[in-house]
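>
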Amino acid sequence: MLLRVASRLLAKAERSNDPRSTRLRLDQRELPELHGQVHAEAVGRVELLLRELCSTGWVRLILAPEREFAGFVDRKPQLELMDFDALAAWAGFARLADHWQRRLAAHLEQHWVDSSDGGKRSLIDYLSRSPLSALSTVPTDEAARCLHELRELCLSGAAMPLREASARVFHGRSKVLDARDELLRLLGATHGQFWEAPIQLLIDVPAFFDEALFIENLVTFERMADARAPEWQHSLLIYAAGFKGSAKRLRHRGGCRVYLRTAMTGTLSVDPPSARGLALVSDWLFDRADLPVRFFGDLDYAGMQILASLREVFPDAMAWQPGYADLLTVLASGGGHVPGAANKERQADPETTGCAYADEVLLTALRGAGRFVDQEAFGAELR
Numbered sequence: 001m002l003l004r005v006a007s008r009l010l011a012k013a014e015r016s017n018d019p020r021s022t023r024l025r026l027d028q029r030e031l032p033e034l035h036g037q038v039h040a041e042a043v044g045r046v047e048l049l050l051r052e053l054c055s056t057g058w059v060r061l062i063l064a065p066e067r068e069f070a071g072f073v074d075r076k077p078q079l080e081l082m083d084f085d086a087l088a089a090w091a092g093f094a095r096l097a098d099h100w101q102r103r104l105a106a107h108l109e110q111h112w113v114d115s116s117d118g119g120k121r122s123l124i125d126y127l128s129r130s131p132l133s134a135l136s137t138v139p140t141d142e143a144a145r146c147l148h149e150l151r152e153l154c155l156s157g158a159a160m161p162l163r164e165a166s167a168r169v170f171h172g173r174s175k176v177l178d179a180r181d182e183l184l185r186l187l188g189a190t191h192g193q194f195w196e197a198p199i200q201l202l203i204d205v206p207a208f209f210d211e212a213l214f215i216e217n218l219v220t221f222e223r224m225a226d227a228r229a230p231e232w233q234h235s236l237l238i239y240a241a242g243f244k245g246s247a248k249r250l251r252h253r254g255g256c257r258v259y260l261r262t263a264m265t266g267t268l269s270v271d272p273p274s275a276r277g278l279a280l281v282s283d284w285l286f287d288r289a290d291l292p293v294r295f296f297g298d299l300d301y302a303g304m305q306i307l308a309s310l311r312e313v314f315p316d317a318m319a320w321q322p323g324y325a326d327l328l329t330v331l332a333s334g335g336g337h338v339p340g341a342a343n344k345e346r347q348a349d350p351e352t353t354g355c356a357y358a359d360e361v362l363l364t365a366l367r368g369a370g371r372f373v374d375q376e377a378f379g380a381e382l383r
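Residues in the sequence shown are numbered consecutively from 1, following our numbering.
Here is the structure:
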């Protein structure tokens with residue numbers, strides 16, 4: 001049973017773009033031994049075997065939060081892959097990708113033509129180091145043909161979004177070229193020829209603003225935009241979907257699109273921002289005009305990592321104290337949740353963010369409490 005489940009998990013990981021985050025739901029199809037049991041002892045035995053497998057560190061058991069009268073099956077168990085190589089060695093799992101990669105390298109060695117010295121060798125070496133696992137389900141000659149078409153596209157000088165280029169060359173697969181800058185360079189792409197989709201910033205602009213406040217979660221952004229309290233009355237509110245707000249292209253006109261949030265009554269917007277206000281947003285974001293930057297997100301390690309990343313784009317960015325002070329109150333009163341209750345146990349302590357308040361107050365509180373608080377707990381009086 002365990003060998004079968006392990007093989008299914010490993011096979012799913014091979015098909016995934018990110019094997020490190022692969023999970024397998026232990027439902028009726030994947031683990032029938034766990035379902036439909038009339039004796040609790042049978043369920044307990046399966047659970048014990050799963051936990052013994054997890055004790056190796058190769059996989060991790062994920063369970064829904066505990067509820068009254070909820071048994072092991074009711075908690076919708078999943079297995080998460082932690083160490084592909086170790087689990088594969090134990091299960092005797094034959095990697096399809098390894099066989100396919102060797103066949104692709106042999107095919108390229110025989111058929112790939114490159115006019116530059118060492119070009120073919122560099123390509124094969126790259127693919128050995130960083131296999132295109134997403135193509136392992138297609139024949140090697142077809143994969144080689146895709147690579148040839150990609151080289152032709154690179155050398156043509158045609159410019160387009162990266163995922164459009166991937167979909168065009170790899171038969172509709174838009175994510176094959178994500179994080180493949182070296183491959184594109186080896187195939188002749190020029191700097192800037194292919195680009196990632198622009199970051200979308202949703203903003204709420206008050207009549208006057210004296211700071212830019214990035215907000216991690218959309219629910220909190222909407223509530224704060226609807227109910228402006230004195231603490232953020234003059235804040236330019238920005239929602240940038242978490243880590244995307246820290247990308248370098250955020251401050252380039254071609255890498256960012258700004259969308260305006262307006263309240264609507266009937267067909268007319270209420271108090272639309274002035275042209276002057278929008279011009280000030282542009283001056284700050286793209287022309288580097290001075291404006292204090294603050295960040296407010298979940299009180300957890302991922303939120304602190306977002307702040308650290310944001311400071312790479314806005315070096316003076318700081319944690320927004322009014323919001324985090326509210327979440328600290330929740331934490332101090334025993335509120336919040338342990339990381340495992342919200343699938344956050346893999347979050348890593350960033351150690352330092354560069355913001356004194358975050359490093360000396362927020363991270364210290366998180367380490368001491370061993371619990372996190374979601375941003376949506378902020379401002380209960382606004383609800």
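The beta carbon of each residue, even a glycine, is placed where N, CA and C say it ideally should be.
Distance check for ALA325 and GLY303, CA to CA, integer angstroms please.
Answer to the nearest angstrom: the Cα atoms are 15 Å apart.
> When burial is assigned at 16 or more other CB atoms within 10 Å of the CB, is ASP290 buried or exposed?
exposed
> Report the residue ranges of all alpha helix (DSSP H) runs contained in full by the region 271-305; include only those spanning at least 4 residues, in chain order.
275-287
> Could you give the DSSP three-state label for PHE93: helix, strand or coil?
Coil.
> Residues in its own chain within less than 6 Å of ALA385 by CB, not counting five upstream and five downstream?
Only positions 1 to 383 of the chain appear in this structure, which leaves residue 385 out of reach.
> Does the Cβ of ARG294 have 16 or more other Cβ atoms within 10 Å, making it buried, or fewer, making it exposed?
buried
> Hey, quick one: how far does the alpha helix (DSSP H) through CYS146 stretch, first residue to last?
140-156
> ALA389: which of LEU3, ARG223, PHE214 sits nearest, CA to CA?
Since the displayed the chain opens at 1 and closes at 383, residue 389 lies outside it and no answer follows.
> Give the DSSP-derived three-state secondary structure of GLU41 in the structure shown.
helix
> Would you kindly work out how many angstroms separate the C-alpha atoms of ALA114 and LEU123, rounded to a whole number?
One point to set straight first is that residue 114 is Asp, not Ala, in the sequence displayed. Rounded to the nearest angstrom, the two C-alpha atoms are 10 Å apart.
> Please confirm whether LEU186 and LEU162 have their CB atoms less than 7 Å apart.
No. Outside cutoff.
> CB-CB under 6 Å to GLY379, same chain, minus the five flanking residues each way: which ones, in chain order?
none
> Using only the alpha-carbon positions, how far apart do LEU10 and ALA91 sit?
9 Å
> Starting from the C-beta of GLU368, find all residues in its chain whose C-beta is less than 6 Å away, skip the five residues before and the five after it, and write them out in chain order.
The sequence shown places Gly at residue 368, rather than the Glu named in the question. Closer than 6 Å at the Cβ level, and outside the excluded window around GLY368, lies no residue.
> Rounded to the nearest angstrom, what separates ALA227 and ILE215 at their Cα positions?
15 Å
> Would you tell me roughly how many angstroms separate the C-alpha atoms of LEU260 and GLN200, rounded to the nearest one?
10 Å
> Just tell me which of LEU213, LEU147, ARG253 has its CA closest to the CA of ARG288.
Of LEU213, LEU147, ARG253, the residue nearest in Cα terms is ARG253.
> Quick check on DSSP: helix, strand or coil for PHE372?
Looking at PHE372 - three-state DSSP - the assignment turns out to be strand.
> Closest to GLU80 by CA distance: which of HIS111, LEU127, ASP125, LYS12 is it?
LYS12
> Label ALA143 either buried or exposed according to how many other C-beta atoms from any shown protein chain fall within 10 Å of its C-beta, with 16 as the threshold for buried.
Result: buried.
> Please state the DSSP three-state secondary structure of THR364.
In the three-state reduction of the DSSP assignment, THR364 falls in the helix class, which pools H, G and I.
> Excluding the 5 residues flanking GLY72 on each side, which residues of the same chain have their C-beta closer than 7 Å to its C-beta?
Looking at the sequence provided, one finds Phe at residue 72 rather than Gly. Only VAL43, GLU47 meet the Cβ criterion.
> Roughly how many angstroms separate the alpha carbons of PRO131 and GLN101, rounded to a whole number?
7 Å
> So, with DSSP's three-state summary, where would you put GLU109?
helix
> Would you mind sorting SER133 into buried or exposed? The rule is 16 or more other CB atoms within 10 Å of its CB.
buried
> In chain order, which continuous runs of the beta strand (DSSP E) of length 3 or greater are located wholly inside the region 158-237?
Here the runs fully enclosed are 199-204, 211-215.
> For the alpha helix (DSSP H) holding VAL330, just list the boundary residues, first then last.
321-332
> Would you please verify whether the beta carbon of GLU109 is less than 7 Å from any beta carbon of chain B?
Considering every chain present, this structure includes no chain B. It has just one protein chain.
> Grab me the residues of ALA64's own chain with a C-beta within less than 7 Å of its C-beta, minus the 5 sequence neighbours each way, in chain order.
ARG75, LYS76
> Compute the beta-carbon to beta-carbon distance between LEU366 and ASP300, rounded to the nearest angstrom, for a pair I have assumed lies under 8 Å.
Contact flag correct, Cβ pair sits at about 7 Å.
> Answer yes or no: do PRO388 and GLU231 have a C-beta to C-beta separation smaller than 7 Å?
As shown, the chain starts at 1 and ends at 383. That puts residue 388 outside it, with no answer to give.
> Looking at the strands, I want to know which residues DSSP matches up with ARG8.
ARG8 is not bridged to any residue.
> Determine the extent of the beta strand (DSSP E) in which LEU34 is found, giving its start and end residues.
No beta strand (DSSP E) contains LEU34, which DSSP labels as neither H nor E.
> Using only CA atoms, which one of ALA6, GLU41, ARG45, ARG103 lies nearest to GLU30?
ALA6
> Hey, out of ALA358, LEU184, PRO350, LEU236, whose CA is closest to GLU149's CA?
LEU184
> Going by Cα to Cα distance, which pick from LEU310, LEU61, LEU53 is closest to ARG346?
Ranking LEU310, LEU61, LEU53 by Cα distance to ARG346 puts LEU61 first.
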